[in-house]
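Step one of this worksheet: look at the structure below.
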Amino acid sequence: MKFGGTSVADAAAFENVARIVANERAAVPIVIVSAMSGVTDSLLAATDIASLENVFDRHRAVAHELLDTSRAADFVENELRNAAIQLDALLQSIIQKPAEHKLLQDAVVSFGEILSSTLLAEVLKQKGIQARQIDARSCIITDDEFASAAPLMEETFAQSQSELIPVLESGVTPVLGGFIGSTKQGVTTTLGRGGSDYTAALIGAALSVSEIQIWTDVTGVLTADPRIVPEAQTVERLSFGEAAELAYFGAKVLHPKTIQPAIENSIPVRICNSRAPHELGTLVGPETETSPRTVKAIAHKTGVTTVQITSARMLGAYGFLRALFEVFDRHRTVVDVVTTSEVSVSLSLDDASALPAIVAELEELGTVRVEKGRAIICVVGEGLRGTPGIAARVFSTISDINVTLISQGASSINFTFAIEEERVKEAVTRLHEEFFATKKGT
Ligand code: ADP
Ligand code: ASP
Ligand code: MG
Numbered sequence: 002m003k004f005g006g007t008s009v010a011d012a013a014a015f016e017n018v019a020r021i022v023a024n025e026r027a028a029v030p031i032v033i034v035s036a037m038s039g040v041t042d043s044l045l046a047a048t049d050i051a052s053l054e055n056v057f058d059r060h061r062a063v064a065h066e067l068l069d070t071s072r073a074a075d076f077v078e079n080e081l082r083n084a085a086i087q088l089d090a091l092l093q094s095i096i097q098k099p100a101e102h103k104l105l106q107d108a109v110v111s112f113g114e115i116l117s118s119t120l121l122a123e124v125l126k127q128k129g130i131q132a133r134q135i136d137a138r139s140c141i142i143t144d145d146e147f148a149s150a151a152p153l154m155e156e157t158f159a160q161s162q163s164e165l166i167p168v169l170e171s172g173v174t175p176v177l178g179g180f181i182g183s184t185k186q187g188v189t190t191t192l193g194r195g196g197s198d199y200t201a202a203l204i205g206a207a208l209s210v211s212e213i214q215i216w217t218d219v220t221g222v223l224t225a226d227p228r229i230v231p232e233a234q235t236v237e238r239l240s241f242g243e244a245a246e247l248a249y250f251g252a253k254v255l256h257p258k259t260i261q262p263a264i265e266n267s268i269p270v271r272i273c274n275s276r277a278p279h280e281l282g283t284l285v286g287p288e289t290e291t292s293p294r295t296v297k298a299i300a301h302k303t304g305v306t307t308v309q310i311t312s313a314r315m316l317g318a319y320g321f322l323r324a325l326f327e328v329f330d331r332h333r334t335v336v337d338v339v340t341t342s343e344v345s346v347s348l349s350l351d352d353a354s355a356l357p358a359i360v361a362e363l364e365e366l367g368t369v370r371v372e373k374g375r376a377i378i379c380v381v382g383e384g385l386r387g388t389p390g391i392a393a394r395v396f397s398t399i400s401d402i403n404v405t406l407i408s409q410g411a412s413s414i415n416f417t418f419a420i421e422e423e424r425v426k427e428a429v430t431r432l433h434e435e436f437f438a439t440k441k442g443t
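Residue 443, in the numbering used here, is where the sequence shown stops; the numbers in between run on with no holes.
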């Protein structure tokens with residue numbers, strides 16, 4: 002059971018989590034928790050310990066409201082004080098050692114999850130649930146790519162099992178912070194923003210759980226981002242493939258890496274609303290049933306850069322694509338969508354920080370055109386390819402918007418394209434209306 006930041010935003014939210022966990026006690030839960038909402042942002046922005054006063058106040062307030070006097074005093078005087086001392090030292094060394102910025106930043110930011118998990122374990126105990134905080138850094142073992150570390154699966158599985166099985170066998174509910182891990186040498190790392198979902202999936206896979214539950218502030222995966230389409234509705238069931246595409250192309254409700262461990266171990270993932278725990282939410286599983294509407298949901302992401310490389314040398318030549326992708330490889334830049342023609346390759350990037358160096362190298366291969374400020378829209382549904390007319394419906398709905406980089410995934414369950422960022426709200430709204438308005442009911 003993974004609870005996101007808004008699910009532990011304040012004392013009332015903590016209490017709610019305790020209730021939800023108590024209801025699942027018979028199923029032997031493992032609890033994963035994010036930092037209290039906003040805390041990760043505050044830690045990332047902190048320049049000195051004084052700027053974290055509000056973070057400490059919020060944890061203190063929850064402790065005083067939900068724990069008895071001695072438990073609260075213990076948390077405030079030990080956990081919070083200790084965190085403040087360590088954070089103070091870390092923030093000072095960040096200034097002194099710019100070369101170690103990323104490593105130290107991960108250590109700073111890890112306190113969000115360390116504190117929330119310690120506090121949640123105390124709240125659970127206060128409510129009569131036998132619980133124990135387990136340091137996630139002794140379970141999630143990663144490489145040293147600070148700020149977006151990749152788990153070492155074998156070590157993570159072995160460590161998670163040896164840390165958690167004895168706790169579970171003694172009838173105690175383990176409570177772990179999400180998002181954080183450590184290298185084999187014990188240096189703190191993090192899995193990337195939103196990474197607590199991934200922690201839940203990793204722990205779930207390591208322990209062969211029967212279900213991974215992601216508890217958040219909306220009822221499951223919705224037909225579109227509710228911040229753009231307020232009338233978006235819960236999708237009751239998604240296949241693993243559909244969920245992966247949606248997460249990858251911007252549905253923030255699931256971290257993009259979450260589905261992989263679930264697929265590999267055939268573990269269903271349920272996305273539920275901690276504010277409305279009785280609503281069923283979305284169940285993600287191996288089924289590949291075709292929705293009657295074919296389109297299940299629309300995801301989008303902004304801040305995308307597209308790059309087009311045109312070269313006559315591509316014609317009938319081999320080795321060209323390899324040379325091209327090696328450029329991105331050398332600059333450790335992830336390529337998202339790719340389309341090719343006889344003489345050109347177009348692709349999209351999320352992270353354009355290495356772009357100047359990349360373009361310089363690509364220019365040796367051909368003419369390069371870069372477009373910033375693009376958005377990607379991804380229409381997802383099993384059986385999309387087998388249903389005629391989807392592309393025509395998409396394009397006629399947004400016929401006045403210039404569409405580039407059109408791609409139908411090999412998985413045949415996504416239809417993806419890029420447009421200008423400024424028009425993304427309009428495009429998603431219109432597509433949602435076309436595919437989901439009940440009056441159409443196709
Ligand atoms: P948590 O802190 O629980 O991890 P997140 O903020 O990371 O929560 O993810 C939940 C948010 O994802 C929702 O509040 C919603 O605004 C956003 N979101 C974007 N696209 C979707 C979608 N298709 N379905 C549901 N939520 C979405
Ligand atoms: N607290 C981390 C973040 O805000 C991880 C998470 O919430 O999943 O990115
Ligand atoms: Mg999240």
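Cβ atoms here follow ideal geometry from the backbone N, Cα and C, with glycine treated the same way.
Quantities reported herein were computed from a predicted structural model and do not represent experimental measurements.
Residue i CB to nearest heavy atom of ligand 2 below 6 Å
i	result
residue 41	yes
residue 147	no
residue 180	yes
residue 36	yes
Residue i: CB within 6 Å of a non-hydrogen atom of ligand 1
i	result
residue 11	no
residue 271	no
residue 218	yes
residue 223	yes
residue 375	no
residue 59	no
residue 136	no
residue 253	yes
C-alpha gap between residue i and residue j, whole angstroms
i	j	result
residue 162	residue 403	51 Å
residue 30	residue 422	42 Å
residue 173	residue 132	5 Å
residue 246	residue 418	13 Å
residue 441	residue 218	With a pLDDT of 46 at residue 441, under the threshold of 50, the modelled position of this residue cannot be trusted; read the value that follows with caution. Straight-line Cα distance between these residues: approximately 29 Å.
residue 45	residue 136	21 Å
residue 67	residue 77	13 Å
residue 54	residue 107	19 Å
residue 434	residue 424	16 Å
residue 405	residue 420	6 Å
residue 391	residue 427	19 Å
residue 93	residue 148	19 Å
residue 155	residue 438	47 Å
residue 346	residue 340	6 Å
residue 157	residue 193	17 Å
residue 69	residue 58	17 Å
residue 186	residue 394	54 Å
residue 443	residue 140	In this prediction, residue 443 scores a pLDDT of 43, lower than 50, which makes its location untrustworthy; the coordinate-derived value is nonetheless stated afterwards. Taking the straight line joining both Cα atoms gives about 48 Å.
residue 191	residue 103	10 Å
residue 236	residue 223	6 Å
residue 153	residue 397	46 Å
residue 27	residue 342	57 Å
Whether residue i touches residue j by CB criterion (7 Å)
i	j	result
residue 81	residue 50	no
residue 447	residue 9	The displayed coordinates of the chain run from 2 to 443. Any statement about residue 447 would go beyond what the structure contains.
residue 285	residue 270	yes
residue 35	residue 197	yes
residue 65	residue 120	no
residue 124	residue 15	yes
residue 277	residue 306	no
residue 283	residue 221	yes
residue 381	residue 298	yes
residue 38	residue 7	yes
residue 183	residue 238	no
residue 349	residue 338	yes
residue 56	residue 12	no
residue 97	residue 118	no
residue 169	residue 262	no
residue 84	residue 105	no
residue 295	residue 388	yes
residue 91	residue 110	no
Proximity test, residue i beta-carbon vs ligand 3 heavy atom, cut-off 6 Å
i	result
residue 196	no
residue 1	There is no way to answer for residue 1, as the model of the chain reaches only from 2 to 443.
residue 5	yes
For residue j and residue i, believed in contact at Cβ under 8 Å, the rounded distance
i	j	result
residue 279	residue 379	At roughly 31 Å, the Cβ-Cβ gap does not stay under 8 Å, so residue 279 and residue 379 are not in contact.
residue 255	residue 215	7 Å
residue 487	residue 414	The chain is shown from 2 up to 443; residue 487 falls before or after that span and cannot be answered.
residue 201	residue 33	4 Å
residue 213	residue 268	6 Å
**OP:** Check whether the stretch 322-333 touches the stretch 256-276, counting contact only when three or more Cβ pairs, one atom from each stretch, lie closer than 8 Å.
**Re:** The answer is no - the stretch 256-276 does not touch the stretch 322-333, with fewer than three Cβ pairs under 8 Å.
**OP:** State whether the stretch 200-210 contacts the stretch 223-242, with contact taken as three or more CB pairs (one from each stretch) at a distance under 8 Å.
**Re:** Counting Cβ pairs under 8 Å, fewer than three are found: no touch.
**OP:** Evaluate contact between the stretch 361-380 and the stretch 308-327, counting only Cβ atoms and requiring at least three cross-stretch pairs below 8 Å.
**Re:** For the pair of segments examined, the stretch 361-380 was found to touch the stretch 308-327: the number of CB pairs separated by less than 8 Å reaches three.
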